[in-house]
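So the structure is just underneath, and the comments pick up after that.
Chains as they are written, first to last, in the working numbering: chain D, 86 to 265; chain V, 7 to 570.
The following block contains the structure:
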């Protein structure tokens, strides 16, 4: 009779389904398909897709590449901690280290140019959260993620860490400059 | 083991002695953990409220870890054990399989829960609910969760065993009731969820004591979410079963179609595990093809299942109400529903909030590219506070108003406050979820102590609207804690001081469910067809909101930096 008793009709699976129910199932199914196609459509025609390029690495290997990039391309240092500001060269390859509790170094980009930013972590999981653009990417130790990005507006951007990484998590703030 | 059976004079439900005691103890244990979870919730909310910022950073991260574990695991799963025993032993009117083992499972869960909490409050295990490696907690943090999970797994085994006994002893005929079927879905999902959990937590325990040298951080995330997300699907199955239960008890509602509702539960089993992949959409280690396949094509079958339940539950209520003569217009059935009965009002707010807020936000969050706009922001806890809290917790609260008189044989105290409580809690928690999602849309991070970034080498000023959203989060959160606290006061107060009710007849033998009662065949399908136009309108409203919000987010995405 009701949902807390066994079905009254023992052959319940032979009972016809009401038209309205069928219609709703069809709507839900078609909508699922639309949402499925939408993601594929965006991979083909959309301009915001997360990069598929990633490599296994180690903190040491990644740090060595990043230090070389910093040594070759630093244009000045900022703050009393002397954080290097690094202009990403014309080949567009830039490195960004996530570690307890900083984003290193400061990157300088140009509007409209396309960059390949290599992201990895030296220790725990971190979260690359570019503000106020609001792009959020997981950064995982042992994995080098090569994200192609093209800034669309000049300005000063913050990188907030949005994956909890211990007691200094909330002080882990980085910076990206985008020039004309 | 000898046992007795009590037939409740009010509800006609039959309680087997061992099962009844186990249900009570599991439910009470759940409520006590809800109390701990509620206190930690208040501390979390008062710290994230920028104007108050109560706790220092280290205590905040500790308390937030405790809040996640105590609510998502301990409160909910203890209560679910009571639901499993109810849906098997009580609804099938049969004895519980191996009650001694069920007690062992209960105590294992108690010991495990306490052990993990001790680890957290000792201060060396502030690793959050997710405990992503290589961040390390104390070994007894992991051991406690493992013990608890083993207990829960045994509980599921007891449930399966009870179904077998009922079948063998023929306490019912035909198929199991829909609610039991929903509970069976929950128990099956729980089984493979806990096995996935063992797959990652056992190695992590060994790693924490130094036996295993390293665990791959990406692999951990993948396997852990097989536990972390699927465990929320146990909740969904359980609370959907409770929606059907409440519709049946309050309205005498029968499912529009047994076939459709059962099929929808089956879809949960088949596809929800795959949906765990949507936690990895912004990770480096998986390809776009893997992400799209696992989260969309497969997850949408589970979404479809929830959309079906979201239609058939109110549809069943509408049909039952229309049979009673509430046939004017589209919504007389709903207007004349017992809104003063907290069992119904809690259930209906749970249904609406889960569908409109939790459901829609979850699907949008689980879209591969759109996930980049929200991953790890405050949007995520906003989403799951409208699934696990207004969905699961509120449904559990609602059914408790039903269970206190029949299971604990006590009248609810302060009936006026009982009437208010689901509204107070359900609405404030829904608003909380909504403003959390608002803050997340503006980029505010989850699990973050300081919006002002004290100690950072630079400044970043969040937009004023983000501070406004966080202030509203504080206000709605405090009201929600009051609403939840009120429920605990009402339930515990009723258990201690409520008027004692007659327990009813006790017998040494179970009374089987009568085979094909007259009442049942009179309302059999097809003889009395009732349309459900009101539910159709509500469902279409949900669909329109869903479509609009989904495409608005693609629009947002198209405005950020170009990524490829």
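The beta carbon of each residue, even a glycine, is placed where N, CA and C say it ideally should be.
Option in V:141, V:270, V:433 with minimal Cα separation from residue 479 of chain V: Along the second chain, read from residue 1 onward, the residue named residue 479 of chain V stands at position 473. Measuring from the Cα of residue 479 of chain V, the nearest candidate turns out to be V:433.
Per DSSP, the bridge partner or partners of residue 170 of chain D: Within the first chain, the letter at position 85 stands for residue 170 of chain D. DSSP, once it has assigned bridges, lists D:161, D:191 as partnering residue 170 of chain D.
Using the three-state DSSP reduction, which class does residue 246 of chain D fall into: helix, strand or coil? Stepping through the first chain from its first residue, residue 246 of chain D is reached at position 161. DSSP places residue 246 of chain D in strand when its eight states are reduced to three.
Between residue 369 of chain V and residue 383 of chain V, what straight-line distance do the alpha-carbon atoms span, to the nearest angstrom? Within the second chain, the letter at position 363 stands for residue 369 of chain V. Within the second chain, the letter at position 377 stands for residue 383 of chain V. Taking the straight line joining both Cα atoms gives about 16 Å.
What is the C-beta distance between residue 450 of chain V and residue 472 of chain V, in whole angstroms, given that I count them as a contact (C-beta under 8 Å)? Working through the second chain from its first residue, we reach residue 450 of chain V at position 444. Working through the second chain from its first residue, we reach residue 472 of chain V at position 466. Rounded, the Cβ-Cβ distance is 5 Å, consistent with contact.
What number of angstroms, rounded off, separates the C-alpha of residue 170 of chain V from the C-alpha of residue 92 of chain V? Translated into positions along the second chain, residue 170 of chain V becomes position 164. Translated into positions along the second chain, residue 92 of chain V becomes position 86. One C-alpha to the other measures close to 15 Å.
Between residue 143 of chain V and residue 156 of chain V, how many whole angstroms is the CB-CB distance? I'm expecting something under 8 Å. Mapped onto the second chain, residue 143 of chain V falls at position 137. Mapped onto the second chain, residue 156 of chain V falls at position 150. At roughly 19 Å, the Cβ-Cβ gap does not stay under 8 Å, so residue 143 of chain V and residue 156 of chain V are not in contact.
In this structure, does DSSP put residue 61 of chain V in helix, strand or coil? Position 55 of the second chain, counting from 1, holds the residue named residue 61 of chain V. In the three-state reduction of the DSSP assignment, residue 61 of chain V falls in the coil class, being assigned neither a helical nor a strand state.
For the ligand COA, is there any heavy atom lying closer than 8 Å to the beta carbon of residue 328 of chain V? In the structure shown, the ligand COA is absent, as is every other ligand, since no ligand is present at all.
Whole-angstrom distance between residue 133 of chain D and residue 295 of chain V, CA atom to CA atom: To locate residue 295 of chain V, count along the second chain from 1; it is residue 289. To locate residue 133 of chain D, count along the first chain from 1; it is residue 48. Cα to Cα, residue 295 of chain V sits roughly 15 Å from residue 133 of chain D.
Should the segment 311 to 326 of chain V be called in touch with the segment 247 to 263 of chain V, which here means at least 3 C-beta pairs below 8 Å? yes
Once you ignore the five residues that flank residue 491 of chain V on each side, which residues in its own chain have a CB closer than 7 Å to its CB? Here the question's residue 491 of chain V lines up with position 485 in the second chain. Within the same chain, residue 491 of chain V has close Cβ partners 44.
Taking just the CA atoms, how far does residue 375 of chain V sit from residue 119 of chain D? If you number the first chain from 1, residue 119 of chain D lands on position 34. If you number the second chain from 1, residue 375 of chain V lands on position 369. The straight-line gap from Cα to Cα measures roughly 15 Å.
Report the CB separation of residue 168 of chain V from residue 94 of chain V in whole angstroms; it is logged as a contact under 8 Å. Along the second chain, read from residue 1 onward, the residue named residue 168 of chain V stands at position 162. Along the second chain, read from residue 1 onward, the residue named residue 94 of chain V stands at position 88. Your pair residue 168 of chain V and residue 94 of chain V checks out as a contact, with CB atoms roughly 4 Å apart and the cut at 8 Å.
Is it buried or exposed for residue 222 of chain D, if we count other Cβ within 10 angstroms and need 16 for buried? For the purposes of this step, residue 222 of chain D is identified with residue 137 of the first chain, where counting begins at 1. Residue 222 of chain D should be labelled buried.
List, in order along the chain, the chain D residues whose C-beta lies closer than 9 Å to that of residue 310 of chain V? For this step, residue 310 of chain V is matched to residue 304 along the second chain. 110, 113, 114, 116, 117, listed in chain order.
What residues of chain V sit near residue 147 of chain D, judged by a beta carbon separation below 9 Å? The count along the first chain starts at 1 and reaches residue 147 of chain D at position 62. Ordered by position in chain V, no residue passes the 9 Å Cβ test against residue 147 of chain D, which lies about 12 Å from the chain.
Just the Cα atoms here: how many angstroms apart are residue 228 of chain V and residue 36 of chain V? Taking the second chain and counting its residues from 1, the one referred to as residue 228 of chain V is at position 222. Taking the second chain and counting its residues from 1, the one referred to as residue 36 of chain V is at position 30. For residue 228 of chain V and residue 36 of chain V, the distance between alpha carbons rounds to 29 Å.
At the level of alpha carbons, what is the spacing between residue 574 of chain V and residue 540 of chain V? Shown here, chain V extends from 7 to 570; a query on residue 574 of chain V therefore has no answer.
Between which two residues does the alpha helix (DSSP H) carrying residue 29 of chain D extend? Absent from the model: residue 29 of chain D. The displayed extent of chain D is 86 to 265, so no value can be given.
Round the Cβ separation of residue 226 of chain D and residue 194 of chain D to the nearest angstrom and send it over; I've been treating them as touching at under 8 Å. What you label residue 226 of chain D is simply residue 141 of the first chain in a count that begins at 1. What you label residue 194 of chain D is simply residue 109 of the first chain in a count that begins at 1. Not confirmed; about 25 Å, so no contact.
Backbone secondary structure at residue 199 of chain D - three-state DSSP: Translated into positions along the first chain, residue 199 of chain D becomes position 114. Three-state DSSP puts residue 199 of chain D in coil, outside helix and strand.
Listed from N- to C-terminal order along the chain, which residues in the segment 210 to 235 of chain V have their beta-carbon within a distance smaller than 7 Å of any beta-carbon of chain D? 222, 223, 224
List the residues of chain D whose Cβ lies closer than 8 Å to the Cβ of residue 265 of chain V, in chain order. As a working note, residue 265 of chain V is residue 259 in the second chain. Simply 97, 98, 100, 102.
Got a sec, what are the start and stop residues for the alpha helix (DSSP H) residue 222 of chain D sits in? Counting from one through the first chain, the residue named residue 222 of chain D turns up at place 137. Counting along the chain, residue 222 of chain D falls outside any alpha helix (DSSP H), though it belongs to the beta strand (DSSP E) covering 220 to 224.
Close beta carbons around residue 366 of chain V, own chain, < 7 Å, minus the five adjacent residues each side: Along the second chain, one-based indexing puts residue 366 of chain V at 360. Shown here for residue 366 of chain V: same chain residues with a beta carbon closer than 7 Å to its own, the five before and five after excluded, namely 551, 552, 555 in chain order.
Determine the extent of the beta strand (DSSP E) in which residue 181 of chain D is found, giving its start and end residues. Stepping through the first chain from its first residue, residue 181 of chain D is reached at position 96. 178 to 184 is the extent of the beta strand (DSSP E) around residue 181 of chain D.
Using DSSP with H/G/I as helix, E/B as strand and the rest coil, what is residue 511 of chain V? Your numbering for residue 511 of chain V matches position 505 in the second chain. Here residue 511 of chain V sits in strand by DSSP.
Among V:87, V:439, V:214, V:100, the one whose alpha carbon lies nearest that of residue 8 of chain V: Counting from one through the second chain, the residue named residue 8 of chain V turns up at place 2. The shortest C-alpha separation from residue 8 of chain V is found at V:100.
May I ask you to report which of helix, strand or coil DSSP gives residue 532 of chain V? On the second chain, position 526 is the one that residue 532 of chain V refers to. With a pLDDT of only 47 at residue 532 of chain V, under 50, the local geometry of the prediction cannot be trusted, and the value read off the model is given with reservation. In this structure, residue 532 of chain V counts as coil in the three-state DSSP scheme.
Pull up the DSSP beta-bridge partners for residue 133 of chain D, would you. Walking along the first chain from the start, residue 133 of chain D turns up at place 48. Residue 133 of chain D is bridged to V:569.
Count the C-beta pairs between the segment 417 to 433 of chain V and the segment 458 to 469 of chain V that are closer than 8 Å, then say yes if the count reaches three, no if not. Counting C-beta pairs closer than 8 Å gives fewer than three between the segment 417 to 433 of chain V and the segment 458 to 469 of chain V, which falls short of the contact rule.
In three-state terms, what does DSSP make of residue 117 of chain V? For the purposes of this step, residue 117 of chain V is taken as the residue at position 111 of the second chain. It is helical.
Looking at chain D, is there any beta carbon in it that lies within less than 9 Å of the beta carbon of residue 535 of chain V? Working through the second chain from its first residue, we reach residue 535 of chain V at position 529. Chain D contact via Cβ: present.
Report the residues of the segment 167 to 179 of chain D with a CB closer than 8 Å to any CB of chain V, ordered along the chain. Hits within the stretch, in order: 168.
How is residue 506 of chain V classed by DSSP in three states: helix, strand or coil? The residue given as residue 506 of chain V occupies position 500 in the second chain. If DSSP states are grouped into helix, strand and coil, residue 506 of chain V belongs with the strands.
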